[in-house]
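Report on one structure; see the data block that follows.
Residue numbers (the numbering used here): 138 to 570.
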């Protein structure tokens, strides 16, 4: 099949198809057959550039506009555009993205009950939404509401749900779109999709990433983004897809963002299986810094509360974090969040500080290896301060590992950074007392 398609291209077949569309603009048969042929051909990346070069996008969009009520043309033409726009930027002169947005929305409105058209149009919008320059056009055209309606109307169609979640994930990456998403039924539609398609890694990953985007960039309280009782679906996504690094990363990212502004959601995560799910994630993805950084971020946030810190200690988080830092010392963000957690834990109990003593040498080594990372230096000094103040064992290990000289270098390297100086001096005061 691949060879046949290339033969069609080499013998001028692609140009002949586009020329036929231009020569017979009013023929339903010609337009439908041409769009179907181009949909098959454009699935091959070696042919897409040819279709773009000869003006195939304009011909397909013209067909969509003229035959708005023809189901077959709408579906096949959206398929063509989906492939072509995955190849180029929407502002490319061969690919007018704003027009593609318009015809995709019209297809959704005109063929609400047709799963094929809905899926193809949503797939096209998912590709277009990658380009931030098209977000205003999509917002103005009502893309968010139309996608939410498609999800509600075709709730059992997994591929459609996956594409719709991708649209919302991409749109949620822009802060200017977030209020519109939260005002619509999109969040409810996504939650329903997570429940109905719990086996779909794509649905779960796209949905969690949408919540992550909303939680990280929105000025609203987390409770305005998601109901406390719905946090469990993010945790369930982690439990159902433990081997998917993508799901684990974005789910941890979503939880991290959501708990940062809501004590109720923090409680829901801590008491709803979130701790076990994230610890399992750290065990299964022990060398994936993207997953580990987000999980450590959640744990560092939870550890600020005494009750949660006690639960974390009982679950074995101190030893796990110490080992994770040691095995992934190249990730300065992971070490930074790990230091914050150990600092918090040591403040609550001398026993926790003793348990964390094995991490002292790792912290100092990370300070040497990431000597220009201000955030890591600050949190590392803070952790050393807390550990040394609450455990003689930690103090001895820090001194044995040349801690005084390491901290002195940090003070010299960041002499004008106030928060680093405060933490470094605090650590030094414990060591030289």
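Ideal Cβ positions, reconstructed from N, Cα and C, are used throughout, including at glycine.
task = To the nearest angstrom, report how far apart residue 575 and residue 251 are at their CA atoms.
result = With the chain running from 138 to 570 in the structure shown, residue 575 is simply not present.
task = Pick helix, strand or coil for residue 554, following the three-state DSSP scheme.
result = coil
key: residue 445 - DSSP class collapsed to helix/strand/coil   = helix
ask   = Excluding five sequence neighbours on each side, which residues of the same chain lie with their C-beta closer than 7 Å to the C-beta of residue 291?
value = 252, 255 and 297
message = Cutting at 8 Å between CB atoms, please list the residues of its own chain near residue 421, excluding the five before and the five after it.
response = 379, 380 and 385
ask   = The alpha helix (DSSP H) with residue 357 in it runs from where to where?
value = Where residue 357 is concerned, there is no enclosing alpha helix (DSSP H), given that its DSSP letter is neither H nor E.
query = In angstroms, rounded to a whole number, what distance separates the CA positions of residue 287 and residue 526?
reply = 58 Å
ask   = When DSSP labels each residue in this structure, what does residue 293 get in the three-state scheme?
value = coil
task = Leaving out five residues on either side along the sequence, give the residues of the same chain with a beta carbon under 7 Å from the beta carbon of residue 489.
result = 450, 455, 482 and 483
ask   = From residue 362 to residue 522, what distance separates their C-alpha atoms?
value = 37 Å
Every unbroken alpha helix (DSSP H) within the segment 463-519, with a cutoff of 4 residues, ordered by chain = 469-485, 487-492 and 497-506
query = Less than 7 Å separating the beta-carbons of residue 476 and residue 531?
reply = no
message = Please classify residue 203 as buried or exposed, where buried requires at least 16 neighbouring CB atoms within 10 angstroms.
response = exposed
key: Exposure of residue 172, with buried meaning 16 or more beta-carbon neighbours within 10 Å   = buried
The alpha helix (DSSP H) enclosing residue 160, as first and last residue numbers = 150-160
Residue 425 (DSSP reduced to helix, strand or coil) = coil
ask   = Using a Cβ-Cβ cut-off of 8 Å (strictly less than) and excluding sequence neighbours within five positions of residue 345, which residues of its own chain qualify?
value = 371, 374, 384, 387, 388, 390 and 391
Coil, strand or helix - residue 272 by DSSP = helix
request  = Quick one: give me the first and last residue of the alpha helix (DSSP H) that residue 165 is part of.
outcome  = 165-179
Member of 544, 319 and 442 whose CA lies at the smallest distance from the CA of residue 519 = 544
query = At what residues does the alpha helix (DSSP H) containing residue 222 begin and finish?
reply = 208-222
request  = Leaving aside the five residues before and after residue 427 along the sequence, list all residues of the same chain whose C-beta is less than 8 Å from its C-beta, in chain order.
outcome  = 382 and 386
key: Alpha-carbon to alpha-carbon, residue 501 and residue 552   = 19 Å
inquiry  = In chain order, what are the residue ranges of uninterrupted beta strand (DSSP E) at least 3 long that sit wholly in the segment 288-354?
reply    = none
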